[in-house]
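Step one of this worksheet: look at the structure below.
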Amino acid sequence: DNYPAVKVLQEDPPTGVSGAPSENNIMLWNAVIFGPVGTPFEDGTFKLLIEFSEEYPNKPPTVRFVSRMFHPNVYADGSICLDILQNRWSPTYDVSSILTSIQLVDETPAFGCVHFRWYHFYCT
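In the UniProt record's numbering, the protein residues as written are 1 to 124.
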């Protein structure tokens with residue numbers, strides 16, 4: 001199998017996330033994050049698109065929420081402010097680690113990242 005990450009994510013996904021490539025394009029993935037318990041997102045199901053370029057794993061994929069999110073680290077277009085998807089990217093990250101990191105952002109917003117006003121509303 002040329003795509004071990006697909007097999008691992010489908011056979012042994014991390015808690016609270018799932019994902020798979022689209023039927024026609026291995027470079028475009030559909031993913032779901034289930035809202036973490038004890039957060040404002042608990043019981044929510046949030047869909048994402050992950051788009052890989054030919055430069056992956058040397059460059060991070062583009063990840064965005066398809067589901068609307070009111071979160072200080074998510075822009076109106078669904079793109080996510082997350083350091084591992086930008087300046088702290090490492091070729092060792094796989095889809096599981098990306099989705100798990102996004103899920104953790106749901107629990108603890110990164111201060112100073114996107115919307116200070118949203119951060120204030122989110123945290124109060």
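No residue lacks a Cβ here, since even glycine has one placed at the ideal position from N, Cα and C.
- Per the coordinates, the alpha-carbon of Val37 lies some 10 Å from the alpha-carbon of Gly44.
- Here Ile80 is near Val63, since their CB atoms are less than 7 Å apart.
- Residues of the same chain with a CB within less than 6 Å of the CB of Gly16, apart from the 5 flanking positions on each side, are Phe34 and Gln103 in chain order.
- Around the beta carbon of Phe70, a 10 Å sphere encloses fewer than 16 other beta carbons of the protein chains shown; the residue is thus reported as exposed.
- Distance between Thr39 and Phe46, taken at the CA atoms: about 14 Å.
- DSSP, read as helix, strand or coil, puts Ser67 in coil.
- CA-to-CA, the gap between Pro91 and Ser53 works out to about 13 Å.
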